[in-house]
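Data first, discussion second: the structure below is written as structure tokens.
Number of protein chains: 2
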Amino acid sequence: MGNKKKSTIKDIANVLGITPSAVSKALNNNPRISEKTKIAVQQVAKNLNYQPNHLASALRKGKSNLVGVIIPRANSNFFSSVVEKMEEVLNSHGYNVIMTQSNESYEKECRNIDALLYTQVDGVIASMANETVELEYYQKIKSKGIPLILFDRGENDLEVDYVGIDDYMTSQMVVKHLVEQGCKRIAHIAGFQHSRIYKNRIRGYKDALVEFDLPISKDLIIESNLGIDDGRRSMKKLLELPIRPDAIYAAGDWAALGALQVLKEVGIKVPEEMALVGFSNEPFTSFVSPPISTINQHNSEIGRITAETFLDRMENPSKEVTLNKIILEAELIIRQSSKNK
Amino acid sequence: MGNKKKSTIKDIANVLGITPSAVSKALNNNPRISEKTKIAVQQVAKNLNYQPNHLASALRKGKSNLVGVIIPRANSNFFSSVVEKMEEVLNSHGYNVIMTQSNESYEKECRNIDALLYTQVDGVIASMANETVELEYYQKIKSKGIPLILFDRGENDLEVDYVGIDDYMTSQMVVKHLVEQGCKRIAHIAGFQHSRIYKNRIRGYKDALVEFDLPISKDLIIESNLGIDDGRRSMKKLLELPIRPDAIYAAGDWAALGALQVLKEVGIKVPEEMALVGFSNEPFTSFVSPPISTINQHNSEIGRITAETFLDRMENPSKEVTLNKIILEAELIIRQSSKNK
DNA sequence: TAGATTTGCTCCATCGATTGAACAAAACTA
DNA sequence: TAGTTTTGTTCAATCGATGGAGCAAATCTA
């Protein structure tokens with residue numbers, strides 16, 4: 001019953017009068033161990049409530065079966081559902097996931113990386129914090145010789161596997177949609193340029209404007225962290241312009257929500273006077289009023305493919321590590337906030 | 342530069358012509374090692390880019406400095422902010438956190454427990470899945486002799502430390518508030534009875550009704566998982582009653598949101614015709630319209646105290662493990678959804 | 001039935017770090 | 001200067017699991 005002390009293969013060996021190595025081999029289903037012994041070992045293991053010591057086998061094998069995952073925030077539908085799927089895939093291949101949050105802080109991210117390396121993870125899957133510009137710590141992971149896979153927020157310079165959507169194309173799609181709704185003066189509440197994905201969204205936005213013969217105005221692009229307050233501030237700034245925009249494309253749903261709040265407060269009708277599109281398909285976008293048009297990034301797909309890319313690296317360690325981008329298609333979900341009948 | 346192979350204390354020892362054990366002692370600041378040697382070791386360690394192998398020291402010391410955390414969902418403001426604070430406290434004491442999600446599934450929870458035990462965590466901090474009734478797996482943690490701390494969703498029968506709010510009192514506070522707004526027929530969209538916290542919320546609700554001389558009706562209490570769809574379904578059921586309620590107290594914000602959606606769809610005015618109160622202070626409650634009254638559980642406090650309780654257990658392993666409830670006070674945030682001028 | 005092969009296990013070194021015991025050299029004491 | 005203490009290090013065992021080499025017994029082959 002209350003057998004508190006943990007048992008080892010040695011204990012099992014003692015009970016059966018065989019050696020620990022025989023027990024180890026039996027547990028690992030080694031063909032050179034007789035069926036009889038294997039069954040006996042299983043039985044005794046169960047009786048003694050034996051649990052293998054992962055530290056010992058990991059040390060011996062030089063493999064911990066742990067995967068470190070770094071995300072900016074767990075409290076985001078996108079990241080939590082990506083991680084959920086990743087866990088599912090990795091677990092089914094014998095890996096356990098250690099999930100850490102950077103809270104968008106570069107410093108926290110560095111500490112997380114150190115903690116993961118210290119824990120001897122077999123690899124790292126990460127989405128970079130908004131703040132992150134220096135890549136030194138990520139280089140540290142690479143120099144350890146363990147796989148590093150980035151998703152969503154990546155960086156070309158690291159030259160590693162990357163899984164994400166085509167931000168450039170997706171942005172163009174958003175602008176095209178807004179133009180089709182009759183919008184002529186489209187503002188962009190953007191993420192910070194230094195982050196690859198936000199830079200691409202800005203590029204896509206600008207290039208689409210050019211394509212539709214609309215003027216690009218610096219005043220209509222405001223960079224921020226894309227939080228709800230950032231969205232509010234940006235919206236207020238846009239409303240102070242001499243000619244105000246007739247559409248807002250926010251590079252994040254929370255910023256879109258902040259913008260929507262301000263619009264409601266000042267009595268500007270959405271979508272009649274101002275169309276609005278967000279990004280990420282956070283659940284709340286569907287139940288605020290009006291529901292916000294947004295981008296579905298196929299979260300589970302990103303999670304699945306990222307995990308599979310990691311597994312592939314583990315299985316082919318000799319494969320040369322280079323920039324390897326896997327780009328998925330995103331989907332525009334049109335809701336009331338950008339519908340002009 | 343690209344020295345990919347990781348160095349060990351043996352490598353350091355070779356460079357300096359001393360033994361690995363001297364290096365180990367130097368790195369651990371053993372008083373019997375000369376200052377000169379310590380400095381030399383530090384220097385060489387840096388040059389060789391030495392990183393201690395956690396697996397080896399954890400195996401030897403019988404302590405991994407890892408804490409397993411199990412939460413129902415990461416995509417919840419409550420849980421993610423609790424975990425964030427826990428991480429902060431535990432990190433500052435040399436522990437790393439392995440965070441896993443049960444997704445409210447008992448089976449996933451069991452697998453998570455196994456994975457954590459396998460990883461040789463020094464302790465487990467958990468909030469139980471809604472589905473969980475069997476305590477066998479949690480007993481398994483206890484029987485390992487490592488600390489188990491529960492927060493928010495706990496279970497008396499496990500007889501371990503628990504950190505949470507006083508659900509009974511809080512529920513009474515909600516009902517009192519609704520009565521003060523003039524409500525006479527208060528429905529409760531409840532969580533499942535088998536979960537201690539939801540049972541207490543139901544008890545508090547009922548006892549408060551009695552206190553205010555209001556009738557308790559079975560029809561007005563609907564148990565569910567408290568998701569958004571559960572809230573919708575429950576609300577629809579309540580609207581089918583011969584006499585419909587004039588207030589809804591939902592034991593979770595998502596259920597409250599679902600209820601609100603239905604009310605808006607059928608054109609019932611909130612709060613004029615029906616008051617609404619949720620639970621947990623999820624961010625969206627403040628920005629839907631009307632903003633939903635809810636309960637602030639002081640997330641960071643719960644995280645901090647839970648972590649400290651864990652640390653206390655680690656420092657005093659001999660302390661007898663019994664039911665030890667630490668109860669924090671919650672706060673009712675009154676917003677428009679339950680304000681009757 | 002001698003010789004070759006297979007089977008089933010034991011033996012032992014190993015993963016990297018830790019730690020108490022042991023021990024030589026240096027420093028101190030009387 | 002002999003004896004004691006302190007200092008700085010080495011030695012050896014250990015944490016638990018693993019796996020290749022080795023070896024005796026069982027089984028197969030001709």
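Protein sequences, first through last, are from chains Z and V.
Heads up: the first sequence is residues 1 to 341, going by our numbering.
Heads up: the second sequence is residues 342 to 682, going by our numbering.
C-beta atoms are modelled at their ideal positions from N, C-alpha and C, and glycine is treated no differently.
Cβ neighbours of ASP493/V within its own chain (closer than 6 Å, five residues either side excluded): SER468 and GLY505. Between VAL629/V and chain Z, the shortest Cβ-Cβ separation is below 8 Å. If you check the CB distance, ALA528/V and TYR539/V do not come in under 8 Å.
Unbroken beta strand (DSSP E) runs of no fewer than 3 residues, entirely contained in the region 306-339 of chain Z, are found at 324-328 and 331-333, following chain order. In this structure VAL516/V is buried. Its beta-carbon is surrounded by 16 or more other beta-carbon atoms within 10 angstroms. Going by DSSP, LEU601/V is part of the alpha helix (DSSP H) stretching over 594-607. Approximately 6 Å separates the beta-carbon atoms of GLY599/V and ASP570/V; this is inside 8 Å, confirming the contact. From the beta-carbon of LEU489/V, no residue of chain Z is found nearer than 7 Å; the closest lies around 13 Å away.
For LYS85/Z, the closest C-alpha among the options THR306/Z, ASN65/Z, ASN14/Z and TYR138/Z is that of THR306/Z. When secondary structure is reduced to three states using DSSP, SER365/V falls in the helix class. At a C-beta separation below 7 Å, MET440/V has these neighbours in chain Z: MET99. Taking 8 Å as the cut-off, the beta carbon of LYS61/Z is found no closer than this to the beta carbon of GLN181/Z.
When rounded, the separation of the alpha-carbon atoms in HIS535/V and SER634/V is 26 Å. Within 8 Å of the CB of TYR459/V, the CB atoms of chain Z belong to GLN51, PRO52, HIS54 and ASN96, in sequence order along the chain.
Residues of chain Z with a Cβ closer than 7 Å to the Cβ of SER641/V do not exist; the shortest Cβ-Cβ separation is about 13 Å. No Cβ-Cβ contact shorter than 8 Å links LEU150/Z with ASP167/Z. Note that the region 662-671 of chain V does not touch the region 443-462 of chain V; fewer than 3 beta-carbon pairs, one per stretch, sit closer than 8 Å. Linking GLY145/Z to VAL618/V through their CA atoms gives a straight-line distance of about 53 Å. The beta-carbon of SER575/V is placed no less than 8 Å from the nearest beta-carbon of chain Z. Along the region 592-604 of chain V, going in chain order, the ones with a CB nearer than 8 Å to a CB of chain Z are LEU598 and GLN602.
In this structure the region 546-556 of chain V does not lie against the region 419-434 of chain V, because fewer than three pairs of beta carbons, one per stretch, are closer than 8 Å. Those residues of the region 400-419 of chain V placed with their C-beta closer than 8 Å to a C-beta in chain Z are LEU400, SER405, LEU407, ARG414, ALA415, ASN416, SER417 and ASN418, ordered along the chain. GLN513/V counts as buried, since no fewer than 16 other beta carbons sit within 10 angstroms of its beta carbon. A Cβ-Cβ separation of about 17 Å leaves LEU673/V out of contact with ILE643/V under the 8 Å criterion. If one requires a minimum length of 4 residues, the alpha helix (DSSP H) runs lying completely within the region 407-469 of chain V are 418-432 and 447-459, in chain order.
CA-to-CA, the gap between GLU614/V and ILE543/V works out to about 23 Å. Proximity of chain V to GLU240/Z at the Cβ level (cut-off 9 Å) is not reached, the minimal Cβ distance being about 23 Å. Uninterrupted alpha helix (DSSP H) stretches at least 4 residues long and entirely within the region 503-560 of chain V occur at 508-521 and 537-552, given in chain order. Within chain V, the residues placing a beta-carbon under 9 Å from that of SER80/Z are ARG414, ALA415, ASN416, SER417, SER421 and GLN442, ordered along the chain. For ILE353/V, the enclosing alpha helix (DSSP H) begins and ends at 350-357. Annotation for ASN47/Z: no beta strand (DSSP E) segment contains it, though the alpha helix (DSSP H) segment containing it runs 35-47. The CB of PHE310/Z never comes closer than 8 Å to any CB in chain V; the least such distance is about 17 Å. The alpha carbon of ALA13/Z has as its nearest neighbour, out of ASN96/Z, GLN101/Z and TYR50/Z, the alpha carbon of TYR50/Z. Residue-level contact check: LYS680/V does not touch chain Z, since none of the beta carbons of chain Z fall below 8 Å from its beta carbon.
Against chain Z, the beta carbon of PHE625/V has neighbours under 7 Å at PHE284, listed in chain order. Rounded to the nearest whole angstrom, the C-alpha separation of ASN77/Z and GLU104/Z is 16 Å.
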